[in-house]
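Each remark here refers to the structure printed beneath this line.
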Amino acid sequence: MKVTVFGSGYVGLVTGACLAEVGNDVLCMDVDSRKIELLEQGGIPIYEPGLEAMVERNTQAGRLSFTTDAEQAVEHGLFQFIAVGTPADEDGSADLQYVLAVAQSIAEHMNDYRVVVDKSTVPVGTADKVRERISESLRAKGKQFEFDVVSNPEFLKEGAALDDFMKPDRIIIGSDNPRTTELLRALYAPFNRNHDRLIAMDIRSAEMTKYAANAILATKISFMNELSNLAERLGADIEQVRHGIGADTRIGYSFIYPGCGYGGSCFPKDVNALERTAREVGYDAQLLTAVEAVNYRQKRVLLDKINRHYSGDLQPKTFALWGLSFKPNTDDMREASSRVLMEGLWDAGAKVRAFDPEAMEECRRLYGDRDDLVYCEDQESTLTGADALVVVTEWQVFRSPDFDGIKQALSEPVIFDGRNIYDPHRLKEAGFSYYAIGRGD
16 MKVTVFGSGY VGLVTGACLA EVGNDVLCMD VDSRKIELLE QGGIPIYEPG LEAMVERNTQ
76 AGRLSFTTDA EQAVEHGLFQ FIAVGTPADE DGSADLQYVL AVAQSIAEHM NDYRVVVDKS
136 TVPVGTADKV RERISESLRA KGKQFEFDVV SNPEFLKEGA ALDDFMKPDR IIIGSDNPRT
196 TELLRALYAP FNRNHDRLIA MDIRSAEMTK YAANAILATK ISFMNELSNL AERLGADIEQ
256 VRHGIGADTR IGYSFIYPGC GYGGSCFPKD VNALERTARE VGYDAQLLTA VEAVNYRQKR
316 VLLDKINRHY SGDLQPKTFA LWGLSFKPNT DDMREASSRV LMEGLWDAGA KVRAFDPEAM
376 EECRRLYGDR DDLVYCEDQE STLTGADALV VVTEWQVFRS PDFDGIKQAL SEPVIFDGRN
436 IYDPHRLKEA GFSYYAIGRG D
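Going by our numbering, the sequence shown opens with residue 16, and the numbers climb by one from there.
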């Protein structure tokens, strides 16, 4: 099948590459000419395990191509995927200007039936706005072509996006036309062979499903972080509590890991957008407000622990920082806890020596060169001249370090662990001052 994907960022590029991988003829369109040029030269604008090889493989096979020409893009595919960004607006709502701009482009160049697929995470009611924009534009031009608008939300985890797309746990199709549902069923058939993962529903329910999924996961994280703060004050170990409650199959172990807050492009934005949507219809979604408030506070927990240890005197201190991305296996620093920590340390007069396996370029793009930030080539070099170690992202490479070497390198044997990846008893026996999350510092 011929497929067009508007947007070659995280969702768009993964969607395009995976659809090409199973034999479809995919054209990715983006208004950013530098991004398209990079893709045509064999590079990719994001880090995602396995994605670069998949893009290269399908580009060379002629199944995946790129363009900045909207007319060519609309002419190419029966399926027109909208996978552009929906950044948070000033009031917390999702900004739909890029989604509606794509709808406008589709209408301007449409010359036959098209299935317009909302892949971006969008508020309930967006499909109606996309349909209205296309219809108005066609009427203004005196044209009349049949089209359908479908909601097909993505459920991709950064760091595992290819597996999530190629082996999905569900494929949500929101449509008001049974024929269109069957067209999407045919498109997704290669990903749906083991057992039927496709769930068809009405469009508004599909749009809400994505927000509801992310809000529930964010709620689990914030709830566990709330418990971790309580455990510290009660002398309990939240990790033992986690094992105890996770054994209950109704709860499970997923997303109940305490830490220094969630980040990324999805959870913070989607929780805020859903809460804003609730306000627009006159409903006070108190739980959603609390989820984000707890996360905002949790991102400052490490800084609070550091301040307490040093009695608020951080000006002469230098901190080795392991992990910049909001989670492992990505270079994404959007809403990352590391940013809150670094900026807080700088405000207090401290310096940072940072390392991340993938996010160094992104950090340099965000902060540039500054006297209080050293970009280190590896985790060991961050320790040179540092007073303490702070772990913010739980990359595998950080899980079993040389603690003797760390102790010798630091001016004082202090570790602040924002992800609870070390054994507190072992470190305290080794002479470290060890601060974790919810483990009774």
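Don't be surprised by glycine CBs; every beta carbon is placed ideally from N, CA and C.
- Message: With a threshold of 7 angstroms (Cβ to nearest heavy atom), would E350 be considered close to the ligand FMN?
- Response: In the structure shown, the ligand FMN is absent, as is every other ligand, since no ligand is present at all.
- Query: Taking buried to mean at least 16 other C-beta atoms within 10 Å of its own C-beta, is G267 buried or exposed?
  - Reply: Translated into the one-based positions of the sequence shown, residue 267 becomes position 252. So G267 ends up on the exposed side.
- Assumed close pair T19, L42 - CB separation to whole angstroms, cut-off 8 angstroms: Sequence index remark: in the sequence shown, residue 19 carries index 4 (1-based). Sequence index remark: in the sequence shown, residue 42 carries index 27 (1-based). Correct: roughly 5 angstroms between the Cβ atoms.
- Message: Taking 8 angstroms as the threshold (C-beta atoms), are A365 and T333 in contact?
- Response: In the sequence shown, counting from the first residue as 1, residue 333 sits at position 318. In the sequence shown, counting from the first residue as 1, residue 365 sits at position 350. Yes; because the gap between Cβ atoms is below 8 angstroms, this pair is in contact.
- Quick one: complete beta strand (DSSP E) runs, 3+ long, within the segment 414–447? 429–432
- Item | Beta-carbon proximity check, I430 vs F447, cutoff 8 angstroms | As a working mapping, residue 430 is identified with position 415 in the sequence shown. As a working mapping, residue 447 is identified with position 432 in the sequence shown. Their beta carbons are under 8 angstroms apart, which means I430 touches F447 by this criterion.
- Grab the span of the beta strand (DSSP E) containing A369 for me, first residue to last. Position 354 of the sequence shown, counted from the first residue, corresponds to residue 369. Taken as a continuous stretch (DSSP letters only), the beta strand (DSSP E) holding A369 covers K366 to F370.
- Item | P183 versus N244: straight-line alpha-carbon distance, rounded | As a first step, residue 183 must be located in the sequence shown, where it is residue number 168. As a first step, residue 244 must be located in the sequence shown, where it is residue number 229. Taking the straight line joining both Cα atoms gives about 35 angstroms.
- Query: So is G279 buried or exposed if we call it buried at 16+ other beta carbons inside 10 Å?
  - Reply: Against the sequence shown, residue 279 aligns to sequence position 264. Label assigned to G279: buried.
- Message: Closest to I59 by C-alpha separation, out of G259, G31, E86 and G38, would be which residue?
- Response: Translated into the one-based positions of the sequence shown, residue 59 becomes position 44. Selected option, being the one with the closest Cα: G31.
- Please say whether A445 and F418 have beta carbons closer to each other than 8 angstroms? Within the sequence shown, the letter at position 403 stands for residue 418. Within the sequence shown, the letter at position 430 stands for residue 445. Yes, Cβ-Cβ distance for F418 and A445 is below 8 angstroms.
- Task: Figure out for me which residue from K17, S48, G38 and M16 has the closest Cα to the Cα of G24.
- Result: Position 9 of the sequence shown, counting from 1, holds the residue named residue 24. If we check each option's Cα against that of G24, S48 comes out closest.
- Contact set for G65: own chain, Cβ-Cβ below 6 angstroms, skip 5 residues either direction: Taking the sequence shown and counting its residues from 1, the one referred to as residue 65 is at position 50. Cβ neighbours of G65 beyond the five flanking positions: L177.
- Is A300 helix, strand or coil by DSSP? Here residue 300 corresponds to residue number 285 of the sequence shown, with the count starting at 1. Coil, per DSSP.
- Message: At the level of alpha carbons, what is the spacing between T101 and V114?
- Response: The count along the sequence shown starts at 1 and reaches residue 101 at position 86. The count along the sequence shown starts at 1 and reaches residue 114 at position 99. The alpha-carbon atoms of T101 and V114 are separated by roughly 7 angstroms.
- Straight-line gap, E241 to A233 (C-alpha atoms, nearest Å): Stepping through the sequence shown from its first residue, residue 241 is reached at position 226. Stepping through the sequence shown from its first residue, residue 233 is reached at position 218. Going by the C-alpha atoms only, they are around 12 angstroms apart.
- Put S166 into one of helix, strand or coil per three-state DSSP. Position 151 of the sequence shown holds residue 166. S166 falls in the strand class under three-state DSSP.
- Could you tell me how far apart the beta carbons of M348 and A308 are, in whole angstroms, since I believe they sit closer than 8 angstroms? Taking the first residue of the sequence shown as 1, we reach residue 348 at position 333. Taking the first residue of the sequence shown as 1, we reach residue 308 at position 293. Incorrect: roughly 22 angstroms between the Cβ atoms, too far for contact.
- Task: Rank G38, M216, L28 and R454 by C-alpha distance to the C-alpha of E249 and give the top, closest one.
- Result: On the sequence shown, residue 249 is found 234 positions in, with the first residue counted as 1. The amino acid occupying residue 249 in the given sequence is Leu; Glu does not appear at that position. L249 has its Cα closest to that of R454, out of G38, M216, L28 and R454.
- Message: Among G276, N207, V130 and I218, whose alpha-carbon lies nearest the alpha-carbon of L198?
- Response: In the sequence shown, the residue the question calls residue 198 occupies position 183. Of the candidates G276, N207, V130 and I218, the one whose C-alpha sits nearest the C-alpha of L198 is V130.
- Using 10 angstroms around the beta-carbon of I452, count the other beta-carbons present and answer buried if the total reaches 16, otherwise exposed. Here residue 452 refers to the residue found at position 437 of the sequence shown. Result: buried.
- Item | When V117, F160, S353 and K156 are compared against K144, the one with the closest alpha-carbon | Within the sequence shown, the letter at position 129 stands for residue 144. Ranking V117, F160, S353 and K156 by Cα distance to K144 puts V117 first.
- Message: Just to confirm the assignment: which complete alpha helix (DSSP H) runs, minimum length 4, are found wholly within the segment 300–326?
- Response: 301–313 and 316–324
- Query: At a cut of 8 angstroms, does the segment 119–130 reach the segment 88–98 through at least three beta carbon pairs?
  - Reply: yes
- Taking buried to mean at least 16 other C-beta atoms within 10 Å of its own C-beta, is S302 buried or exposed? Walking along the sequence shown from the start, residue 302 turns up at place 287. The sequence given here has Leu at residue 302, not Ser. When all chains shown are included, L302 counts as exposed.
- So A122 packs on R148, CB below 8 angstroms; how close in whole Å? Here the question's residue 122 lines up with position 107 in the sequence shown. Here the question's residue 148 lines up with position 133 in the sequence shown. A122 to R148, Cβ: 7 angstroms. Contact.
- Buried or exposed: E427, going by 16 or more other Cβ atoms within 10 Å of its Cβ? Start at 1 with the first residue of the sequence shown, and residue 427 comes out as number 412. Flag for E427 reads exposed.
- Message: I'd like the list of long-range same chain contacts for E290, defined as Cβ closer than 8 angstroms, with 5 residues on each side in sequence excluded.
- Response: Residue mapping note: residue 290 aligns to position 275 of the sequence shown, counting from 1. These residues qualify, in order along the chain: G107, A300, L303, T304 and E307.
- Message: Please list the terminal residues of the continuous beta strand (DSSP E) segment that includes S80.
- Response: As a working mapping, residue 80 is identified with position 65 in the sequence shown. That run of the beta strand (DSSP E) goes L79 to T82.
- Query: Just checking, does the segment 383–399 make contact with the segment 307–326 on the three C-beta pairs under 8 angstroms criterion?
  - Reply: no
- Task: Rank T141, E52 and G261 by C-alpha distance to the C-alpha of T292 and give the top, closest one.
- Result: Indexing the sequence shown from 1 puts residue 292 at position 277. The option with the nearest alpha carbon to T292 is T141.
- Message: Please report the straight-line C-alpha distance between I214 and T224, rounded to a whole angstrom.
- Response: For this step, residue 214 is matched to residue 199 along the sequence shown. For this step, residue 224 is matched to residue 209 along the sequence shown. So the two alpha carbons sit approximately 11 angstroms from each other.
- Stretch pair the segment 183–195 + the segment 154–173: three plus CB contacts closer than 8 angstroms: They touch, by the three-pair rule.
- Task: Would you be able to state if there are at least three C-beta pairs under 8 angstroms between the segment 317–334 and the segment 259–266?
- Result: no
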